[in-house]
Amino acid sequence: MRVVLSGGGTGGHYFPALAVGRELQRRGHRVFFVGSKGRIEERLNDFPAEERVYLPVAAFSGKGLKGLVAPFTVSAAALKLLKLFKRWRPDRVVVFGGYASMPAGLAAVLSGTPLFLQEQNSVPGRSLRLLSRFAGKAFLGFPDARKSLRCSCVFSGNPVREEVVEAAESKGKVGTRFLKRVGLSPELPTLLIVGGSQGALWLNETALKALPLIRGKFQVIHVTGPGKGRDRAEKLYRERGIPAFVTEFYGKVWELYAAADAAVSRAGALALAELSLFGIPTLLVPFPFATDDHQFKNGAFYAERGAAILRRQEELPPEEFARIVARLLFDRIERERLRKNFLSLSRPEATELIVGELELNGEN
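Per the numbering used here, residue 10 is the first one in the sequence shown, and the count goes up by one each step.
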């Protein structure tokens, strides 16, 4: 089977596509990848595909001049892909969201190639909503997404990389090895603070004000994001006597999850899928400007099922932030309740389920 995969712009769109691409190749299928220029997928340039193409496309839902230009760049990109499709002869096209999804989906429709969608969030993006009327099936990270899509839907969960799944299965060993390597203690409760692939300035600033208020010994793994105060955070932890590993970015994020006893995170779909595999008791603080407030709705799916604590930024002055984090670190009953509920909502089989569905009636 020949499959074109398209997704990227952010890690939340790219890494699910990467997981599916790897599984397709493992099963002997031929994979081609379509991404966007200048984004994470081109910078990493590691997609397991026979050919990778990066298109100069902007957000289809952009405003102002970008919004006016977007339909023309999408059309030009789709025409370029149609030429490539004649050579690739795909049996399936799967889009995961991101800038390149619209031209890839449009090329699938124009070429008569079966189209599939993978929507990570509880509220689908505009591109996938438009493409859903032409799609054979959508694989969902959240069941509520089906309300906005006009095709058959399967609640698959979000696909995650095999490294994440394997680390979750060996959490103690992987976490201990990481902590020792970075000079932290496997004996102390460990808090992970992570704001997504780009970091989160508000999380950084609030954590630095709140954590010194917590009584009790603990240590911190803090991923600040590029240019968002790494040096300042490192200095403050040192001055307050809080053992910490601070970094702007860490590629092997599964090692951080394995080391964490509790976490503070944004509510991006991929982060939630990964955190749930480890059952990490987590305070979720959604990005307040996410389109359609989708991060809050992502987080609500877990909070309503007793699997996480969800708060908006305005509900978290430093004192409240510190109170909740202290509960996550030191209240064993609360931590165990959240851990069990979070684990129960994890979908480690998502990648295999999606690939299995693609193989149905496929040409090998």
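Idealized CB from N, CA, C, for every residue including glycine.
_Helix, strand or coil for Ala147? Go by DSSP, reduced to three states._
For the purposes of this step, residue 147 is taken as residue 138 along the sequence shown, with counting starting at 1. The answer is strand: DSSP assigns Ala147 an E or B state.
*asked:* Buried or exposed for Asn54, going by 16 or more other Cβ atoms inside 10 Å?
replied: Looking up residue 54 in the sequence shown gives position 45. That one is exposed.
_Tell me the residue span of the beta strand (DSSP E) that contains Ala271._
Counting from 1 along the sequence shown, the entry for residue 271 is found at position 262. Element bounds for Ala271: 271-274.
*What does DSSP give as the partner residues of Tyr63 in its beta bridges?*
Residue 63 sits at position 54 when you count from the first residue of the sequence shown. Note: Tyr63 sits in a beta bridge opposite Gly44.
_Within 10 Å of its beta-carbon, does Lys261 have 16 or more other beta-carbons around it, so buried, or fewer, so exposed?_
By one-based count along the sequence shown, residue 261 stands at place 252. Lys261 is exposed by the Cβ-count criterion.
*For the beta strand (DSSP E) that Ser194 lies in, which residues bound it at each end?*
Stepping through the sequence shown from its first residue, residue 194 is reached at position 185. Neither: Ser194 is in no beta strand (DSSP E) and is coded neither H nor E.
*Since I believe Arg35 is in contact with Glu59 (beta carbons under 8 Å), could you give me their beta-carbon distance rounded to a whole number of angstroms?*
Here residue 59 corresponds to residue number 50 of the sequence shown, with the count starting at 1. Here residue 35 corresponds to residue number 26 of the sequence shown, with the count starting at 1. The pair is not a contact, with the Cβ atoms about 15 Å apart (cut-off 8 Å).
*asked:* Within a Cβ cutoff of 7 Å, which residues of the same chain sit near Val364, ignoring the five residues on either side of it in sequence?
replied: Numbered from 1 along the sequence shown, position 355 holds the residue referred to as residue 364. If we look at Val364 and ignore the five residues flanking it on each side, its Cβ neighbours are Val29, Glu32, Leu33, Arg36.
_Chain-order list of residues whose beta-carbon lies under 6 Å from that of Arg61 (same chain, five-residue window excluded)_ = Taking the sequence shown and counting its residues from 1, the one referred to as residue 61 is at position 52. Closer than 6 Å at the Cβ level, and outside the excluded window around Arg61, lie Phe42.
*Whose C-beta lies closer than 7 Å to the C-beta of Ser355 among residues of the same chain, with five residues either side of it excluded?*
Position 346 of the sequence shown, counted from the start, is the residue given in the question as residue 355. So the qualifying residues of the chain are Ser285, Leu286.
_For Leu281 and Leu88, I'd like the C-alpha separation in whole angstroms._
The residue you call residue 281 lines up with position 272 of the sequence shown. The residue you call residue 88 lines up with position 79 of the sequence shown. Each residue's Cα considered, the two are about 36 Å apart.
*Any idea what DSSP makes of Leu74, helix, strand or coil?*
As a working note, residue 74 is residue 65 in the sequence shown. Confidence at Leu74 is low in this model, with a pLDDT of 47, below 50, so the placement of that residue should be treated as unreliable; the coordinate-derived value is given next. DSSP places Leu74 in helix when its eight states are reduced to three.
_Taking the alpha-carbon of Arg249 as reference, which of Ile223, Ala272, Leu265 has the nearest alpha-carbon?_
Residue 249 sits at position 240 when you count from the first residue of the sequence shown. Closest option to Arg249, Cα to Cα, is Ile223.
*asked:* Taking contact to mean 3 or more Cβ pairs, one atom from each stretch, closer than 8 Å, check whether the stretch 189-205 and the stretch 330-343 are in contact.
replied: yes
_Alpha carbon of Leu14 to alpha carbon of Phe105, nearest angstrom_ = Looking up residue 14 in the sequence shown gives position 5. Looking up residue 105 in the sequence shown gives position 96. The straight-line gap from Cα to Cα measures roughly 8 Å.
_Alpha carbons only, please: which of Gln127, Pro326, Gly134, Phe94 is nearest the one belonging to Val118?_
Within the sequence shown, the letter at position 109 stands for residue 118. Among Gln127, Pro326, Gly134, Phe94, the Cα nearest to that of Val118 belongs to Phe94.
*asked:* Please list the terminal residues of the continuous alpha helix (DSSP H) segment that includes Phe310.
replied: The sequence position of residue 310 within the sequence shown is 301, counting from 1. Run containing Phe310: 303-312, per the alpha helix (DSSP H) assignment.
*Can you have a look at Lys237 and say buried or exposed, based on whether 16 or more other CB atoms are within 10 angstroms of its CB?*
Stepping through the sequence shown from its first residue, residue 237 is reached at position 228. Buried, by the Cβ-count rule.
*Contacts around Leu188, its chain only, beta-carbon distance under 6 Å, and the 5 residues preceding and following it disregarded*: If you number the sequence shown from 1, residue 188 lands on position 179. If we look at Leu188 and ignore the five residues flanking it on each side, its Cβ neighbours are Pro195, Ala268.
_Tell me which residue opens and which closes the alpha helix (DSSP H) that Ala280 is part of._
The sequence position of residue 280 within the sequence shown is 271, counting from 1. Note, Ala280: alpha helix (DSSP H), 278-287.
*Starting from the Cα of Ala144, find the closest Cα among Pro133, Ile230, Val132, Cys162 and give me that residue.*
Within the sequence shown, residue 144 is the residue found at index 135, counting from 1. Cα-wise, what sits closest to Ala144 is Cys162.
*Helix, strand or coil for His38, going by three-state DSSP, please let me know.*
As a position in the sequence shown, residue 38 is number 29, starting the count at 1. If DSSP states are grouped into helix, strand and coil, His38 belongs with coil.
_Identity of the residue in Ala316, Ile230, His22 nearest Gln127 by Cα_ = Indexing the sequence shown from 1 puts residue 127 at position 118. Gln127 has its Cα closest to that of His22, out of Ala316, Ile230, His22.
*Measuring CB to CB, does Arg344 end up less than 9 Å from Asp270?*
Stepping through the sequence shown from its first residue, residue 344 is reached at position 335. Stepping through the sequence shown from its first residue, residue 270 is reached at position 261. Cβ distance < 9 Å, so Arg344 and Asp270 count as in contact.
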